[in-house]
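Trainee: Once you've had a glance at the structure underneath, I'll fire off some questions.
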Amino acid sequence: MSLVYLEYDFKVSPLQPATDILIAELGELGFESFVENETGLLAYILKSEWQEDVLEKLFVTQNPNFEISWTSKEIEQQNWNAEWEKNFHPIKVGDRCMVRAPFHEADEVEYDIVIEPKMSFGTGHHETTHMMLQHILDNDFEGKSVLDMGCGTGVLAILAKKRGAADTEAIDIDEWCFLNTQENVERNDCSDIKAFQGDSSLLKGKKFDVILANINRNILLEDIPVYADCLNKGGTLFLSGFYLRDLDAISSKCGAYGLEFEKNLEKNNWVAAKYVN
1 MSLVYLEYDF
11 KVSPLQPATD
21 ILIAELGELG
31 FESFVENETG
41 LLAYILKSEW
51 QEDVLEKLFV
61 TQNPNFEISW
71 TSKEIEQQNW
81 NAEWEKNFHP
91 IKVGDRCMVR
101 APFHEADEVE
111 YDIVIEPKMS
121 FGTGHHETTH
131 MMLQHILDND
141 FEGKSVLDMG
151 CGTGVLAILA
161 KKRGAADTEA
171 IDIDEWCFLN
181 TQENVERNDC
191 SDIKAFQGDS
201 SLLKGKKFDV
211 ILANINRNIL
221 LEDIPVYADC
231 LNKGGTLFLS
241 GFYLRDLDAI
251 SSKCGAYGLE
261 FEKNLEKNNW
271 VAAKYVN
C-alpha cells in the first residue's frame, strides 16, 4: 500500500534568509524532503506524522520581517531523489573549484567536490556558501588548523582540507547536517575531518588558525566572543550568512574582541567578510 504524504507549498517573502530558516525548522518537525522554487518552497511529510497547527508556532512564521503563507494537498509516495536531481545543478567557483552531485559528470578543475546535500545546506548555490568558497580559494590554508562552524554539508571544510589544511573540524547543531557532513567527507577522501553535532559550547578549550562560520547574523553576533577566544594569534575569521546592512554591526562586535576587518565579498546584498587578529 502506498504511503500518503502531504505536500506543503510555502510562499515566502523575502526568499532569504527566510527559506533557509524555514527548511531548518521544518526538518526538526519531521519533514523529509524540500524543493526550493521561485516563490518559496515545497516540503513533504508523512500524513500520519503531522499536526498542522504547529506551523503557526514556528519562529519564522511568527517573525514580522517575513511573509509566509502555505497551502497543502495529499499526494502518493514519489521518487524524492528524482525531484531533487531535477533541481540540483553543478556550480563552479571561478575556474578552480566545482561542486557537483554524484550523478554529475566531473570537469577539469583543480578542486572537484562531490556533495549529496539531502536536506542540508551548503551546495554552493547560495551566495554565502559561494563567497566562502571564494575566500578559501583566495587564502592560504596549508598546514593550518580549521573549524567549519555551522557546516551544513561540510563543503567548506572539504575545500579547506583539499587546500592543505591540517587538523579540521566541522560542527553543526542539526543532526541531519552532522550526518550528511560525515557522508560527504568520506565521499571526498577527507575522512580525517572530524564532524560533531552541537553548538559553540563544543569549542571550549579549542584553538584554530582559521574559523569559517556561515550561519546567520544573530548567532554570529552571539558567538563572535567564542570565536575570538578560539582563534590563535595571527589567525583568520571568515563570517557569512548576513546582509550588507549588517556588516557594520558584525565588524563592530569583532573589533570589540580584537578582530580587525580586512575585506569582504558581496553578492546580491549578501556578504562574506574576513577578520584577522
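As numbered in my numbering, residues 1 to 277 make up the sequence shown, in order. By construction, the Cβ of each residue, glycine as well, lies at the ideal position given by its N, Cα and C atoms. Fair warning: this is a prediction, and the values are worked out from it, not measured in the lab.
(1) Distance, Cα to Cα, THR129 vs ALA24?
(2) Out of ILE173, ARG163, PHE10 and ALA157, point me to the one whose CA is closest to TYR111's CA.
(3) Can you say whether ASP95 is buried or exposed, counting buried as having 16 or more other CB atoms within 10 angstroms of its CB?
(4) Which whole-angstrom value is the C-beta distance of GLU7 and LEU42, which I expect to be below 8 Å?
(5) Please say whether SER145 and ASP167 have beta carbons closer to each other than 8 Å?
(6) Can you say whether GLU127 is buried or exposed, counting buried as having 16 or more other CB atoms within 10 angstroms of its CB?
(7) Just list the residues that DSSP pairs MET131 with in beta bridges.
(8) Name the DSSP bridge partner or partners of LEU147?
(9) For PHE10, which residues in the same chain have their Cβ closer than 7 Å to its Cβ, ignoring the five residues on either side in sequence?
(10) Between the Cα of LEU50 and the Cα atoms of GLY235, ILE215 and TYR5, which residue gives the shortest distance?
(11) Taking the alpha-carbon of GLU38 as reference, which of GLN16, MET98, LYS194 and VAL155 has the nearest alpha-carbon?
(12) If you run the structure through DSSP and keep just helix, strand and coil, what is ASP229?
(13) Nearest to LEU231 by alpha carbon, out of ILE136, SER72, GLU74 and VAL210?
(14) Apart from the five residues on each side of it in sequence, which residues of its chain come closer than 7 Å, Cβ to Cβ, to PHE141?
(15) With a Cβ-Cβ cutoff of 8 Å, do ASN184 and GLY150 count as a contact?
(16) Which class does ASP9 belong to by DSSP, given the choice of helix, strand or coil?
(17) Given a cut-off of 8 Å, decide if GLU169 and LEU137 are closer than it, judged by their beta-carbon atoms.
(18) Comparing alpha-carbon positions, which option in GLU74, LEU133, GLY143 and ILE224 lies nearest LEU46?
Mentor: This is what the structure holds:
(1) 16 Å
(2) ARG163
(3) exposed
(4) 6 Å
(5) yes
(6) buried
(7) None, per the DSSP bridge assignment.
(8) GLU169 and ILE211
(9) LEU22, GLY40, LEU41, ALA43, ILE68 and TRP70
(10) A small fix is needed here, since residue 50 is Trp in this sequence, not Leu. Ranking the options by Cα distance to TRP50, first place goes to TYR5.
(11) GLN16
(12) helix
(13) VAL210
(14) ALA160, ARG163, GLY164, ALA165 and VAL210
(15) no
(16) strand
(17) no
(18) GLU74
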